[in-house]
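Single-structure report; data block below.
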Amino acid sequence: MMKTFAAVIFDMDGVLLDSESVCDLVWRKAAKECGIDDIDKIIEKNRGCNYTDTRASLEHDLQSVSAADKFMNRTAELFNKIETEEGIPSMKGAREALEYLTKKGYRIALASSTDGNAVRRQMKNAGFIDFFETLTTGDTVARGKPDPEIYARACASLGLSPDVCCAIEDSPNGMRSAYRAGLSCIMVPDKIAPDDEMKKIAMCILPSLNAIATVL
102 MMKTFAAVIF DMDGVLLDSE SVCDLVWRKA AKECGIDDID KIIEKNRGCN YTDTRASLEH
162 DLQSVSAADK FMNRTAELFN KIETEEGIPS MKGAREALEY LTKKGYRIAL ASSTDGNAVR
222 RQMKNAGFID FFETLTTGDT VARGKPDPEI YARACASLGL SPDVCCAIED SPNGMRSAYR
282 AGLSCIMVPD KIAPDDEMKK IAMCILPSLN AIATVL
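Per this note's numbering, residue 102 is the first one in the sequence shown, and the count goes up by one each step.
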């Protein structure tokens, strides 16, 4: 029998918004401009991480503060250009899942590694923000995913214990964060296929958000 939950806490990038595809595009373009090799490996290592952790990781990988600064500044420029001119696409089934969960009476919250200003802007532009009771963002926590802090804070923002909350994530770092905080985890993989660790910690793995009604 499936467990009953009071709330569903979503990740944003790669779950609700197809921002991961945009990020991959701009990271590869910026890497080419900056002469950075093995960018795909760097992308996968930092997927789901917040700005601070990503910045520190890049400094380590590039062994240069100035190179990390140049790269991060260029990716921000390219991302902002696409967001302004084209917008960030929604993930398949995102709106339908939010509407379904709202009708079912679930409380809905967000736990995103992205900065709060960007989260509010992008969620508003997608028409999703009114579905959410609370938004917990990367700039409000000391330790980013995979640390459990952001999910612990998201649960606290609802006044609920983690055991009655279900997380929906796409990345291993996000899954680890939610699982370590004590939430049940649904994985909807985007760029990274689930490995044995993810299969073990996931309550279930869905092909897209269109399948959410089969488990909640």
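Idealized CB from N, CA, C, for every residue including glycine.
{"Asked": "Reduced DSSP category for T238 - H, G, I as helix; E, B as strand; rest coil", "Found": "strand"}
{"Asked": "Three-state secondary structure assigned by DSSP to R221", "Found": "helix"}
{"Asked": "Element boundaries [alpha helix (DSSP H), containing L159]", "Found": "Y152 to L163"}
{"Asked": "Rounded straight-line distance, which links the Cα of V166 to that of A107", "Found": "45 Å"}
{"Asked": "Contact under 8 Å by Cβ, D114 with S120", "Found": "yes"}
{"Asked": "Residues near S272 in its chain [Cβ-Cβ closer than 7 Å; skip 5 each side]", "Found": "G115, R148, G149 and I293"}
{"Asked": "Closest residue to I302 among T315, N311, A255 and M276 (Cα-Cα distance)", "Found": "M276"}
{"Asked": "CB-CB length for K193 against L310, believed under 8 Å", "Found": "7 Å"}
{"Asked": "Buried or exposed by the 16-neighbour rule on C-beta atoms within 10 Å, applied to K104", "Found": "exposed"}
{"Asked": "Per-residue burial, P61 [other beta carbons within 10 Å of its own, 16 or more giving buried]", "Found": "Examination of residue 61 is not possible in this model, given that the chain is present from 102 through 317 alone."}
{"Asked": "Straight-line Cα distance separating T235 from Y152", "Found": "21 Å"}
{"Asked": "Simplified DSSP state of E270, which is helix, strand or coil", "Found": "strand"}
{"Asked": "Proximity of L202 and L317 at Cβ, strictly below 8 Å", "Found": "yes"}
{"Asked": "The region 211-229 in contact with the region 169-176 per 3-pair CB rule at 8 Å", "Found": "no"}
{"Asked": "Alpha helix (DSSP H) segment containing M288, residue limits", "Found": "That residue, M288, is in no alpha helix (DSSP H); its beta strand (DSSP E) goes S285 to M288."}
{"Asked": "Expected contact under 8 Å - CB spacing of T185 and A131 to nearest Å", "Found": "That pair is no contact at about 17 Å."}
{"Asked": "G245 and P263 closer than 8 Å at C-beta", "Found": "no"}
{"Asked": "Cβ-Cβ distance between D125 and I144 below 8 Å", "Found": "yes"}
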